[in-house]
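Per the UniProt record's numbering, residue 1 is the first one in the sequence shown, and the count goes up by one each step. Down below is the structure, laid out as structure tokens.
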Amino acid sequence: MAKYSMVVVGTDGSLSSLSAVRTAAELAATYGADLGIVCAYFQSSGSVLSSPKAEHSAFPVVSEDTAREYLDEARGVAIDEGLDDEKIALYPRSGSPIEVLVDALQETNADLLVVGNRGVHSLSGRVFGNVPSGVLRKASVDVMIVHTDNAPR
Numbered sequence: 001m002a003k004y005s006m007v008v009v010g011t012d013g014s015l016s017s018l019s020a021v022r023t024a025a026e027l028a029a030t031y032g033a034d035l036g037i038v039c040a041y042f043q044s045s046g047s048v049l050s051s052p053k054a055e056h057s058a059f060p061v062v063s064e065d066t067a068r069e070y071l072d073e074a075r076g077v078a079i080d081e082g083l084d085d086e087k088i089a090l091y092p093r094s095g096s097p098i099e100v101l102v103d104a105l106q107e108t109n110a111d112l113l114v115v116g117n118r119g120v121h122s123l124s125g126r127v128f129g130n131v132p133s134g135v136l137r138k139a140s141v142d143v144m145i146v147h148t149d150n151a152p153r
């Protein structure tokens, strides 16, 4: 069985993404691992749709302040799952969700990435690409896709 020391999870503030955070926190607590929670945001200037790399989450985050709010909420979810606060690091990063998550893996020396499956079957996911499929192609570590279809939206 694999032993993980650093788990990274992405959030976009949706209840679906918080379900993935919950699973990642449970895993981190089980393995005694650290948890890096990442929120990608787009700069408020310009259109998200005009980006040539428009890998969209369910709710594009358009400011660092909003990303920090979502990260604080996700930290609370992780703590509720039994993870100690000192084991949690928050990473608001500007850019497309896929690139930001893949970069965070290297930045944190992570050995597991957890993402929700939201977007896999959506129209925007089929048109623009989706985060779970994108990180599966680009990540150099294990990737866990949490089925969040039944999570509240």
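Just so you know, even glycine gets a beta-carbon here, dropped at the ideal spot from N, CA and C. Quick caveat: nothing in here was measured; it's all calculated off a predicted structure.
Can you tell which of S5, T148, G116, T23 has the C-alpha that lies nearest to the C-alpha of V131? The shortest C-alpha separation from V131 is found at G116.
ask   = Leaving out the 5 sequence neighbours to the left and right, which residues in its chain are closer than 6 Å to H147 when beta-carbon positions are compared?
value = So the list reads N117, once near-sequence residues are dropped.
Residue span of the beta strand (DSSP E) that contains L90, given as start and end: Where L90 is concerned, the enclosing beta strand (DSSP E) stretches over 88–94.
- Message: At the level of alpha carbons, what is the spacing between residue 180 and A40?
- Response: In the structure as shown, the chain starts at 1 and stops at 153, and residue 180 therefore has no counterpart that could be examined.
ask   = Where does D149 fall in DSSP's three states?
value = Three-state DSSP puts D149 in coil, outside helix and strand.
Legend entry - Beta-carbon proximity of V38 to L112, cut-off 7 Å: Taking 7 Å as the cut-off, the Cβ atoms of V38 and L112 do not count as close.
task: Decide if T11 is buried, meaning its Cβ has at least 16 other Cβ atoms within 10 Å, or exposed.
output: So T11 counts as buried.
inquiry  = Measuring only the C-alpha atoms, how far is L101 from S140?
reply    = Computed Cα separation, rounded: 11 Å.
Coil, strand or helix - V115 by DSSP: Correct three-state label for V115: strand.
- Message: Can you look up D34 in the DSSP assignment and give me helix, strand or coil?
- Response: Three-state DSSP puts D34 in a strand.
Next on the checklist: Less than 7 Å between the beta carbons of L27 and I88, yes or no?
Outcome noted: Taking 7 Å as the Cβ cut-off, L27 and I88 do not qualify as a contacting pair.
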